[in-house]
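Residue numbers (this note's numbering), protein chains in the order written: chain Y, 62 to 295; chain C, 722 to 838.
Even for Gly, the Cβ is constructed at its ideal location relative to N, Cα and C.
Take a look at the structure below.
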């Protein structure tokens, strides 16, 4: 008789100083067959000292607002466990803070007003990615209302076609694949992407995707549902 | 039909309410847990749910003989992380804890079940 396929669990370290929240989160995550909580700590700093032993796939951590200490913690985690993806789950709602963390190479930024389903979707999305630490776009879940409250307008307005190409790039498609999917010449795709970089002031595909996600020009649902409609504005 | 302990959770942010509801359901499967949305009124919910234990923030309640309370601080953004304190009011006694745990809430629920159900 054929044995059922084994599920390789995503191994997670949880760091949050709110014990009641951390315990509940662990209970929810542990209820999934494909998730194993391998460590827990009250702070990101403690996490950095623990993950060297457990080498989790994912570190879900709260960070305080001080950029310098956040950077030290993130560097500590990266040094101790270079292949761990880092999810910042926080109450901080500053776009500037989000941008700073993004430059530090976090893999996801979730505001604590997100739902547990959004957290699960983030874990699923990250577990499908192949390389941690800035090689992939940052996954962001932040209430649109908070973004609006911050009063910051997007720096560049992308056309529908540019956004469409950016979504496909965010899904990891090459220029040739995008060209094939949209029935365009590869050179046209390249030109559109060059326009995108210029409009939003970035120099690479990953920076462009990261900025578009942060500014909520594209959404996580668009890049994690390749079979969905996937068309920006559609 | 025997009564079951009823818990009403009215805390923000919503992820805190969701994880606490899950914890209570896991550890006390007999309990009926209701989670109040951010736009729903607590007073109406108190009449509708008739909880034995309320876990809330923003509202200050005391053990009335009919309801026990756990009042949590509301997490907020800030320069430094802050512990999540709570005032627990049950069965004529009241205590404050500096960093509330699931066990604190379960203890209040157990006491509520013993005294009120």
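- Taking residue 767 of chain C as reference, the option from C:744, C:731, C:740 and C:794 with the minimal CA-CA separation is C:731.
- Take residue 240 of chain Y, set aside five residues on each side of it, and the residues of its chain with a beta-carbon closer than 8 Å to its own are 246, 247, 249 and 250, in chain order.
- With the rule of 3 Cβ pairs closer than 8 Å, the stretch 787-797 of chain C does not count as touching the stretch 87-105 of chain Y.
- For residue 135 of chain Y, the CB contacts under 6 Å within the same chain, skipping 5 residues up- and downstream, are 165 in chain order.
- Between residue 270 of chain Y and residue 230 of chain Y, the C-beta gap is smaller than 7 Å, which places the two residues in contact.
- Residue 144 of chain Y carries a coil assignment under DSSP once its states are collapsed to helix, strand and coil.
- The Cβ neighbour count for residue 228 of chain Y, taken over all protein chains shown within 10 Å, is at least 16; the residue is labelled buried.
- With its beta carbon at least 7 Å from every one in chain C, residue 225 of chain Y lies outside the interface.
- Take residue 733 of chain C, set aside five residues on each side of it, and the residues of its chain with a beta-carbon closer than 7 Å to its own are 759, 778 and 795, in chain order.
- Within the model, the alpha-carbon separation for residue 817 of chain C versus residue 85 of chain Y is close to 21 Å.
- Around residue 179 of chain Y, the same chain offers 171 and 202 as residues with beta carbons nearer than 7 Å, after the five sequence neighbours per side are excluded.
- For residue 774 of chain C against residue 726 of chain C, the beta-carbon gap comes to about 7 Å, under 8 Å, which counts as contact.
- Sequence-distant Cβ neighbours of residue 132 of chain Y in its own chain, meaning closer than 7 Å and more than five residues away, are 165.
- With respect to chain C, the C-beta atom of residue 88 of chain Y has a partner C-beta closer than 7 Å.
- A check of alpha carbon separations from residue 802 of chain C across Y:104, Y:154 and Y:268 identifies Y:104 as the nearest.
- For residue 202 of chain Y, the uninterrupted beta strand (DSSP E) segment begins and ends at 200-202.
- Residue burial annotation: residue 143 of chain Y is exposed, with fewer than 16 other C-beta atoms found within 10 angstroms of its C-beta.
- According to the DSSP secondary-structure assignment, residue 755 of chain C is paired through a beta bridge with C:729.
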